[in-house]
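Beneath this line is the structure, given in structure tokens, with notes to follow.
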Amino acid sequence: MRHPYSAADRALSAMTRTGRRVPGRTDERTSWELKVRSSAVVTNSGGFASMGAALGQVVAPSGAVVLACAGLLDEWSELGEPLSVRAMSTAGSGGACIRDWLAEAVAVPAGPGSLAITADTRAGAYRPIDTGDAIAVLNIDLGLPFSAVSAGSGPALLGDLPVDRCGTVIGDARALDSWVGFMHGDQGVDGLADIRIWGKGAQEAWEHFDAPRILTAPGDDSHGWLDLPVEIARERAAAINRWASAQDHYPHMAHVDLHSHHHLGWRAGWQHPLRAGVIEVAGCPILFIAWSPLELQRFTGGRSAGQVYPVTLEDVDGRATLRWTIPPHFQFDEQSL
């Protein structure tokens, strides 16, 4: 079903809470939200840091692609209907934001084949401490002509999303029903786990236990082991922590990360400048964005503090594109209502 352009003028609260459009209501924030979209990609020097940086590709065999907050992604079924049921219904009606308690997502229709995900970037929020770039606009090519999703010619505002400090996930609605987050499962998804050693006395522990270096990020100096059987990982970590306690070091320096989808997604982005990586879930490629730890400092308030950012359907050279616009923090504060 095509998404009517008048959705851009409908109340965000109604759309994001129910996932349905409510006729007859307008939202005075619409023009401001879309103005933020046009200015969000400007860096401190007056231009893009980068346009169209590649993040990865996903597929949506269910016909619905989801942009979701990662923290409660595996809780949708506990809250009510599975995510796939809600997302496919929402996408079938043209697309909208979906919320249930603290779980949030956007679902839109998608075509067959690979869907390219790119980002327009700007300078990090805390230069010069933060020397990396940050995502200003997230773009998802939906693999459909714009005329297939909208009756209008301009952007259609679907609602808004916060930046989840646990990460952001993009992928097929049905595949994401199988997502295993960081709070579930005592064996992970493949029976494997990683160990990272950090804290007071870590360098001495690296040498004592001959822990290899792990390249978790460019320039990072972490040590530990990857892809160990879970029981071996737990036994090794326990031995290291007993040693650390005896040496009066940090007693929990060896940390075990089970291979949940959440951890594997975070790990997949270790070497990407925007911390984005693709993993497989239920046979489908899924993109995970971990965000920069420094960049995340500006998102601590979440929805309750008004830190939500507009999601739109837009026409890009005739193709339907889902866009999530995250303005610089100073710009957002100055223009807030």
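Per the numbering used here, residue 107 is the first one in the sequence shown, and the count goes up by one each step. From the three backbone atoms N, C-alpha and C, an ideal C-beta is built for every residue, glycine too.
Checklist entry - Which of helix, strand or coil does DSSP assign to V446? => result Absent from the structure is residue 446, since the part of the chain shown begins at 107 and ends at 443.
Checklist entry - How far does the beta strand (DSSP E) with E184 in it reach, from first residue to last? => result Unbroken run through E184 is the alpha helix (DSSP H), W182 to L185; no beta strand (DSSP E).
Next on the checklist: Against chain C, does P318 count as a neighbour if the rule is that its beta carbon must be under 8 Å from one of theirs?
Outcome noted: Absent from the structure: chain C. Only one protein chain is present.
Checklist entry - Quick one: complete alpha helix (DSSP H) runs, 4+ long, within the stretch 379 to 435? => result 399 to 402
Checklist entry - How would you write the range of the alpha helix (DSSP H) that R302 sits in, first residue to last? => result That residue, R302, is in no alpha helix (DSSP H); its beta strand (DSSP E) goes L298 to I303.
Checklist entry - To the nearest angstrom, how far is it from the Cα of A193 to the Cα of A254? => result 18 Å
Checklist entry - Heavy atom of the ligand SAH less than 7 Å from the Cβ of S410, yes or no? => result Among the components of this structure there are no ligands whatsoever, and the ligand SAH is therefore not found.
Next on the checklist: If we require 4 or more residues per run, which alpha helix (DSSP H) segments fall completely within the stretch 300 to 338?
Outcome noted: 308 to 314
Checklist entry - Is there contact between the stretch 236 to 254 and the stretch 377 to 394, where contact requires at least three CB pairs shorter than 8 Å? => result yes
Next on the checklist: Quick check: L264 and V191, are their CB atoms within less than 8 Å of each other?
Outcome noted: no
Checklist entry - Who are the near neighbours of G219 in its chain, counting only those whose CB is closer than 6 Å to its CB and skipping five residues on each side? => result G249
Next on the checklist: Whole angstroms are fine: how far does the CA of M359 sit from the CA of A339?
Outcome noted: 13 Å
Checklist entry - Does the Cβ of V422 have 16 or more other Cβ atoms within 10 Å, making it buried, or fewer, making it exposed? => result exposed
Checklist entry - Alpha carbon to alpha carbon, how far is R205 from V414? => result 13 Å
Item to check | Minimum C-alpha distance to S259 - residue among P434, L428, G424 and R429 | outcome: G424
Checklist entry - Where do the N-terminal and C-terminal ends of the beta strand (DSSP E) with H358 fall, by residue? => result Element bounds for H358: n/a, residue is neither H nor E.
Checklist entry - Hey, how far is the Cα of V387 from the Cα of A299? => result 17 Å
Item to check | Proximity to A344 [Cα-Cα], best of P215, G277 and I303 | outcome: I303
Checklist entry - Between which two residues does the beta strand (DSSP E) carrying T227 extend? => result L221 to A229
Checklist entry - Where does V362 fall in DSSP's three states? => result strand
Next on the checklist: Along the chain, where does the alpha helix (DSSP H) containing R192 start, and where does it finish?
Outcome noted: L189 to G198
Checklist entry - How long is the line joining the alpha carbons of P167 and D278, rounded to whole angstroms? => result 7 Å
Item to check | Cβ neighbours of F252 in the same chain (closer than 7 Å, five flanking residues each side left out) | outcome: D421, G424, R425 and A426
Item to check | Candidates T406, W376 and H369: closest to W285 by CA position | outcome: H369
Checklist entry - Which residues in the same chain have their Cβ closer than 6 Å to the Cβ of G305, if we skip the five residues on either side of it in sequence? => result Y356 and M359
Checklist entry - Given a threshold of 16 other Cβ atoms within 10 Å of its Cβ, counted over all protein chains shown, does G325 qualify as buried or as exposed? => result exposed
Checklist entry - By Cβ distance below 6 Å, which residues in the same chain neighbour A174 in space, the five residues on each side in sequence not counted? => result A211 and V275
Checklist entry - Going by Cα to Cα distance, which pick from A231, G186, P215 and H290 is closest to A197? => result P215
Next on the checklist: I'd like to confirm the pairing. Which residues does DSSP put opposite D239 in its beta bridges?
Outcome noted: A229
Item to check | T170 in three-state terms, based on DSSP | outcome: Strictly speaking, residue 170 in this sequence is Ala, with Thr absent from that position. A170: strand per DSSP, three-state reduction.
Next on the checklist: So, with DSSP's three-state summary, where would you put N150?
Outcome noted: The predicted position of N150 is uncertain, since its pLDDT is 39 and thus under 50; a value taken from the coordinates is nonetheless stated next. Residue state, collapsed to three classes: coil.
Item to check | Closest by C-alpha distance to A176, when choosing among W331, E184, T418 and F288 | outcome: F288
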